[in-house]
Amino acid sequence: GQQLNQSPQSMFIQEGEDVSMNCTSSSIFNTWLWYKQDPGEGPVLLIALYKAGELTSNGRLTAQFGITRKDSFLNISASIPSDVGIYFCAGQPLEGSGNTPLVFGKGTRLSVIA
Amino acid sequence: DTGVSQDPRHKITKRGQNVTFRCDPISEHNRLYWYRQTLGQGPEFLTYFQNEAQLEKSRLLSDRFSAERPKGSFSTLEIQRTEQGDSAMYLCASSLRASGTGKVYGYTFGSGTRLTVV
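Chains as they are written, first to last, in my numbering: chain A, 1367 to 1480; chain B, 8 to 125.
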């Protein structure tokens, strides 16, 4: 089945620093989504991307749909303690014309040191 | 609409017992998905419905698992003869598939049901 490679697996950063994480696939995707998950909760949608090259912001978060359609990036600027959590990329493979369910990466665990 | 609701939030059961979980999706959404998440992993797809039709089941969904969405609204996921390996967070999500473009929007997850099989 489809697999997404998400990196890094974990990050420890100082409050105020910027964060970058990415996700790659071996096949073409037509949708990329980024989620944040807090302990004991379901993933919460942060940003959705629907077109190759698209760059979308949500507050301090910016995500890009890679031009090759096989990758996506998420940046968090000026991190704060509440950014702590696990960030997941998810993508919908191009095959199946919208009938293929989302595939998830294994997550990036972010820790922010005050 | 308050988003996707799942019930119960936590379930502890003895091995061999049957359990049933419920999901109430966002009312305007025509698609409903079940995912399973184990510690340190991303959610893994189990099955999904478009309205009341179950369109796809993953190989993770053994014969002991069954899902229904009888009226195209809420859905139930039943696990029969639970095993310790079934312990996981079971997540439900809903989305809207646009009939024209076929694109899927608004993949929204519930808070999940954490199952512990002892």
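Yeah, the Cβ is synthetic: ideal placement off N, Cα and C, and Gly gets one too.
Between residue i and residue j, is the Cβ-Cβ spacing less than 8 Å?
i	j	result
Gly-1457(A)	Trp-1400(A)	no
Asn-58(B)	Gly-79(B)	yes
Ala-100(B)	Val-11(B)	yes
Pro-1409(A)	Phe-28(B)	no
Leu-1440(A)	Leu-1460(A)	no
Leu-98(B)	Tyr-42(B)	yes
Gln-1403(A)	Ile-1452(A)	yes
Glu-90(B)	Val-124(B)	yes
Tyr-112(B)	Ala-105(B)	yes
Report the three-state DSSP secondary structure of residue i (helix, strand or coil).
i	result
Gln-1458(A)	strand
Ser-69(B)	coil
Ser-1386(A)	strand
Asp-1404(A)	coil
Gly-92(B)	helix
Ser-118(B)	coil
Ser-1448(A)	helix
Gln-24(B)	coil
Thr-45(B)	coil
Asn-1490(A)	Because residue 1490(A) is not part of the residues shown, which for chain A are 1367 to 1480, the question remains open.
Gly-79(B)	coil
Determine the closest residue to residue i out of the options, with distance taken between C-alpha atoms.
i	options	result
Leu-122(B)	Ser-1391(A), Met-1387(A), Gly-1406(A)	Gly-1406(A)
Gly-49(B)	Cys-1389(A), Phe-1395(A), Gly-1425(A)	Cys-1389(A)
Met-1377(A)	Thr-1466(A), Ile-1442(A), Asn-1465(A), Pro-1467(A)	Ile-1442(A)
Gln-44(B)	Asn-37(B), Glu-63(B), Leu-53(B), Thr-83(B)	Leu-53(B)
Using the rule of at least 16 other Cβ atoms within 10 Å of the residue's Cβ for burial, across every protein chain shown, is residue i buried or exposed?
i	result
Arg-16(B)	exposed
Val-1469(A)	buried
Thr-1310(A)	Outside the shown range of chain A, which is 1367 to 1480, sits residue 1310(A), and nothing can be said about it.
Lys-21(B)	exposed
Asn-1371(A)	exposed
Pro-32(B)	buried
Asp-70(B)	exposed
Arg-1435(A)	buried
Arg-76(B)	buried
Please list the partners that residue i has in chain C, where partner means a Cβ-to-Cβ separation under 7 Å.
i	result
Gly-1408(A)	Absent from the structure is chain C; the protein chains it does hold are A and B.
Take every Cβ of the stretch 1470-1477 of chain A, pair it with every Cβ of the stretch 1414-1426 of chain A, and state whether three or more of those distances are shorter than 8 Å. no
Count Cβ pairs between the stretch 1419-1435 of chain A and the stretch 1373-1383 of chain A that sit closer than 8 Å; are there 3 or more? no
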